[in-house]
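Right, one structure below, let's go through it.
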Amino acid sequence: MVAVGATAAVAAPATATGVTAAVAAPAGPRTTPGPCGYTATPDDPAVRPVPLPPDPRRTPDRGQVRVTLRTNHGPIGLTLDRAAAPCTVQSFMHLTRHRFYDRTPCHRLTAYPTLSVLQCGDPSGTGSGGPGYRYRDELPTDLPPAPTDPTGERRVYARGTLAMANAGPDTNGSQFFLVYADSALRPNYTVFGSVDAAGLATLDRIAAGGIAPTVADPAPVDGAPALPVEIRKAVRQHH
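Take the position in the sequence shown, starting the count at 1, then add 387; the result is the number in the numbering used here.
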C-alpha cells in the first residue's frame, strides 16, 4: 500500500552536515528561538521567498482559525485547531499571510481503497517544493484503529481531516492533504484541522473527475487530478 509519507511527504529533509575533529563547525541552519524551532533548509530553498515564521515564547494554543481556500472548483473551508497543533497552525497562517498558497496547484490525488486524499501546498506543482524551512511533528494520539489493518499500526484519518504531508519525522513544511474518504495511515502525520461541508462537496467533485492517465498508467489511482486544481487564494475569515 502506498502511504502518504512515501510520495506525499515530498519536501526533502535537510541534510546533516558532518564535522570532523579539529575543524571548526560551520554555522548551522537558522532556527527560530521559540518552542516551535522553525529551521531553515538551505539545501531545500523556498519555492517562493518567505521568511521564517514568528515563534513567540508562548505559542497560541487555544481557539480555532477559519481559512477558505478559493479554488477553481469552489471553496474549501478549513477550521484550524490551535490546541491540536499550535506550531502547525502558526506556520500555516504565516504562509497564508505571505500569500504563499495563492495561485498554487494541488498536484496529487489518490483513490486507493485505504487512501483518499488531495494534496496541495507546493507552488511548483512538482511535489518536491516547500517554504525553505521545516519544523517538528505534532502527532495525533487519539485516532481510532483502522479496521482494515490487521497489524493495528494504522489509524483512521477520517473524511474531512486536514493534515500535514512530510518526508519523515519532523520535516513539515508547506504541503498538506485533505481527506475526502476515510483513510488508513500510520499516525505519522500532524492533524491540524478539518474541512467544512462545502469544502467536502468541492473535494468530491474533484475526486469524481479521477486521476489523469498517463501512457505508462492508463488507469491510475495516484497522480495529478484529471481536473486540474488551483488554489486561487487562501483567505483568513475573521467572523
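We put the CB at the ideal spot given by N, CA and C, even for glycine. Model, not experiment: these values are computed from the prediction.
Taken through DSSP and simplified to helix, strand or coil, Gly-586 comes out as helix.
In the assembly as shown, Asn-459 is an exposed residue. Its beta-carbon has fewer than 16 other beta-carbons within 10 Å.
For Gln-477, the enclosing alpha helix (DSSP H) starts and ends at 473-484.
Between the alpha carbons of Phe-579 and Ala-498 lies a gap of roughly 22 Å. Residue pairing by DSSP places Ser-570 opposite Tyr-544 in a beta bridge. In this structure the stretch 601-620 does not touch the stretch 541-554; the number of beta carbon pairs closer than 8 Å is below three. Taking a 10 Å sphere around the C-beta of Arg-495, we find 16 or more other C-beta atoms and assign the residue as buried.
When the Cα atoms are used, Gln-451 and Glu-540 turn out to be separated by approximately 30 Å. Between the alpha carbons of Pro-438 and Met-480 lies a distance of about 13 Å.
Within the same chain, Thr-455, Asp-583, Ala-585 and Gly-586 come within 6 Å of Gly-464 by CB-CB distance, once the 5 residues on both sides are set aside. Boundaries for Pro-556: no beta strand (DSSP E) harbours it, and the DSSP string shows neither H nor E there. Within the model, the alpha-carbon separation for Asp-468 versus Glu-525 is close to 12 Å.
Here Arg-490 has no same chain residue with a Cβ atom under 6 Å from its own Cβ, once five neighbours each way along the sequence are excluded. Counting only residues of its own chain and dropping the five nearest sequence neighbours on each side, Thr-589 has a CB closer than 7 Å to the CB of Thr-458, His-460, Gly-461, Pro-462 and Ile-463. Membership of Ser-503 in the beta strand (DSSP E) is indicated by the continuous run 503-507. Considering only Phe-563, Ser-581 and Thr-577, the residue with the shortest C-alpha distance to Arg-546 is Ser-581.
The Cβ neighbour count for Gln-624, taken over all protein chains shown within 10 Å, is under 16; the residue is labelled exposed. Of all alpha-carbon atoms in Tyr-544, Tyr-522 and Pro-615, the one lying nearest the alpha-carbon of Thr-428 is that of Tyr-522. Given a length threshold of 3 residues, each whole run of the beta strand (DSSP E) inside the stretch 444-476 is given here in chain order: 451-458 and 461-468. Spatial neighbours of Ala-470 in its own chain (CB-CB distance under 7 Å, excluding positions within 5 residues in sequence) are listed in chain order as Asp-448 and Arg-449. Leu-565 and Thr-548 have their C-alpha atoms spaced approximately 6 Å apart.
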